[in-house]
DNA sequence: GACCAATTCC
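In the UniProt record's numbering, the protein residues as written are 1 to 625.
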C-alpha cells in the first residue's frame, strides 16, 4: 500500500506534469484496495482529471471498487463514468463468478437489489454462472425468479443457463419442466439436456433427446458418444461415432477423447490407432487431454510401447499424463519402470496426486513389493498431505493378501479409519484363496455378503476355496446360497479382434460360424500341450463331476476358444491380443504359457485386473497374480 | 462491454 501511495507522487512529479501512459498504466496496476482507490479518486478530483479518461482496466476498477465496504461511494464513482453503472458491476460479477469467489458474486447481486440498481440480462447471466459454480440451487431459484420478474423469459441464453443450473444441481425434474415449457430451444438447450441426462444416469433418456432434436452439431454427437462411454456402453459409443463420421461431421478434440476412451474400454486397437492418426492430422497432437487419453488407450489395448511413445513425445505433461503412464507400467507388472517414472516426476517438481499413488501401490502389489508399498502409503500422507481413499486401502490389503500376509491384511482392515468396502474384503478373500486360509475367507465372506450380496464374484471365489479343499458339501452350500439369493454367475467372455472385426466368445460357445474349426484347433493344441507336460487343473471346476467331465469344462473356457481362433487367423509374427471380462483362469494361464512357447508367438491377455504377456513359455506376471 | 453446453489418469 505504501508503495502505491508513494507512486501517486508520480502524478505531481516536477519532471512529469502529465504522466506518460506507461507509468500511469503501471501505477494503476498497483491499486488493489479500496483505500488506494479512494486516494486515486481524491487525487483525480484535486487535479481535475475526469475519471473516465483513465486507462484502468474495467474489471480491475470494478473489483477494487466493489471491495469497498462503502458501497454508495463505489456507486458514486461509477456514476461519474461515461458508461452505465451496471456495466461496472457486471464486470465485477463476471470476474468473481468465473474466479475463486463465486459466492461474493451472489452477495453482490443481492446488494445491487438493495440499492435499487436494476440488473440487466448480463447481470443475471453472471450470477447464474456463480450459482452453477457453487451448485447452489437455492440461490439459483431466486435468480430464476428475478429473470422472470425482469422480463427475460425470452432470452434463450439465460433460459439455457437456468436449465443447465437446475440439471447440474441434480434437480433434473425442474430442468425438464423448464425445458418442456420453453417456447424456443436451440441446439445448446438440447445438448445441455443430453449431457445432463447422462450425468443423472439416464442414457436412454439422453438418446431419446438426441433422436428427437431437430438439428445436431458436433457437440451433440460428442455428448452422446461420451455419455455412452460414461455409462459403460463403449460399443454403442463407437457405433455412434461411425454414424457421426457417415453424417459427415468432423470430430473435435473432445469427440476424440471420448472415442479413445471407448477404444480403451473395449480394447479395440484398430480403431484407436485410426483415431490417433486422425487426431494428428487434425492438429490435436499438442492437446494434453488427447495425449493422456491416447496413453490410456494404448495401455489398455496391450501396447505399452505405443503408450510410452506418446508420453515421450508430449511437449507438455500434466499429473494425469504421469499417473496414466505409472498405472500403465503397473498393470503390466513393470514395477521398476513405474517407480523410476515416479522418481523422475518428483525430480522435475511435479506433485503427485491420489491417483498417482493408486498406480504406485498397484505396481507394488502386482510385484509383491511389500516394503515399497508400505513406504508409498506412508509417504503419501506424510510428504504430500494426501488422505488415503478407499482405493488406497484396497491396494494395501491386496498387497498384503497376495503376499500371504493375511493376518497383517486383516489387522490393517480392522484399523482402517473408513469403513472397508467390498473391494477391500474381496482382496483379502482373494489372498485367502491363493494361500488357502479357509477360516479367514469365511470371515471375509461374512462382510462381503453384507456389503455386496449380489456380487457373484465373491461366492465363486469361496466355492473355489472349498472345491480346492474338496469340501464339496460346502461348495454346494455356497451354490445354494447363490440360487436362493438370485445371484447369477457373470458369464465369462473373451474377445479378439481379427481384421477389424470383434469376435466374442463365451464359455463353450458353439455359436461362432467357425466353431468347429476352433474346437479342432484346440484339439491339436491340446495334444502338443500334453507332450509338454500340461496337466489340466481340474480342481478349479466347481462341479462335483468325473475328472474327464471336468477337463471338458476346462477346454471350453472362453479365453482358450479366443486363443485358438486367434492362432487360426493371425499371421506369423503378429501378437495375439485377447480381452477377458473376468480374471484369467489358472488353467488357461498355465496353458497359454506353454502355447506361447509351442507356437512361438506373443500372446497378450488383458483380464479384469492386469495384463499377461505370454512369451517363450512364461508370463510377465511371473505367476504372481 | 459482455452472456449458454463437453473431455484425460483411479
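Yeah, the Cβ is synthetic: ideal placement off N, Cα and C, and Gly gets one too.
query	result
Cβ contact check for the segment 408-415 and the segment 376-389: 3 or more pairs under 8 Å	no
Residue from 349, 361 and 608 whose Cα sits closest to the Cα of residue 339	361
Pick from 149, 140, 350 and 423 that is closest to residue 120, judged by C-alpha positions	149
Cα-Cα separation between residue 167 and residue 222, rounded to whole angstroms	19 Å
Where the alpha helix (DSSP H) through residue 309 begins and ends	304-313
Residues near residue 353 by beta carbon distance below 6 Å, same chain, minus five either side	319
Residue 552, enclosing alpha helix (DSSP H) - first and last residue	547-555
Proximity of residue 194 and residue 611 at Cβ, strictly below 8 Å	no
Residue environment, residue 227, which counts as buried when at least 16 other CB atoms sit within 10 Å	buried
N- and C-terminal bounds of the beta strand (DSSP E) containing residue 580	576-580
Contact check, residue 588 vs residue 333, beta carbons under 8 Å	no
Span separating the alpha-carbon of residue 510 from that of residue 491	15 Å
Cβ neighbours of residue 236 in the same chain (closer than 8 Å, five flanking residues each side left out)	228
Beta-bridge pairing of residue 503 - partner residues as DSSP gives them	496
Contacts around residue 21, its chain only, beta-carbon distance under 6 Å, and the 5 residues preceding and following it disregarded	Residue confidence for residue 21 is low, a pLDDT of 47 falling below 50, so the modelled location carries little weight and cannot support an answer.
Three-way DSSP call (helix, strand, coil) for residue 126 in this model	helix
Short Cβ contact (8 Å threshold) for residue 86 with residue 123	yes
Nearest-angstrom Cα separation, counted from residue 335 out to residue 467	33 Å
Beta-ladder partner(s) of residue 614, from DSSP	603 and 619
Rounded separation between residue 113 and residue 98 - CA only	21 Å
Complete beta strand (DSSP E) runs within the UniProt repeat "PPR" (318-352) (minimum length 3 residues, chain order)	none
For residue 242, three-class secondary structure by DSSP	helix
Validate contact between the segment 566-578 and the segment 476-483 using beta carbons, cut 8 Å, 3 pairs	no
Whole-angstrom distance between residue 420 and residue 404, CA atom to CA atom	20 Å
Rounded straight-line distance, which links the Cα of residue 414 to that of residue 446	14 Å
4-residue-minimum alpha helix (DSSP H) runs that sit fully inside the segment 138-222, ordered along the chain	156-168, 172-181, 187-199 and 203-212
Nearest candidate by alpha-carbon position, reference residue 292, set 317, 609, 302 and 279	317
Contact between the segment 256-272 and the segment 490-507 (3+ Cβ pairs under 8 Å)	yes
Inter-residue spacing [alpha-carbon to alpha-carbon] between residue 189 and residue 183	12 Å
Span separating the alpha-carbon of residue 592 from that of residue 538	16 Å
Minimum C-alpha distance to residue 324 - residue among 300, 313 and 571	300
Alpha helix (DSSP H) segment containing residue 451, residue limits	438-451
Per-residue burial, residue 46 [other beta carbons within 10 Å of its own, 16 or more giving buried]	exposed
Continuous alpha helix (DSSP H) stretch holding residue 96: start and end	85-98
Beta carbon of residue 458 nearer than 8 Å to that of residue 426	yes
Where residue 372 falls: helix, strand or coil (DSSP)	helix
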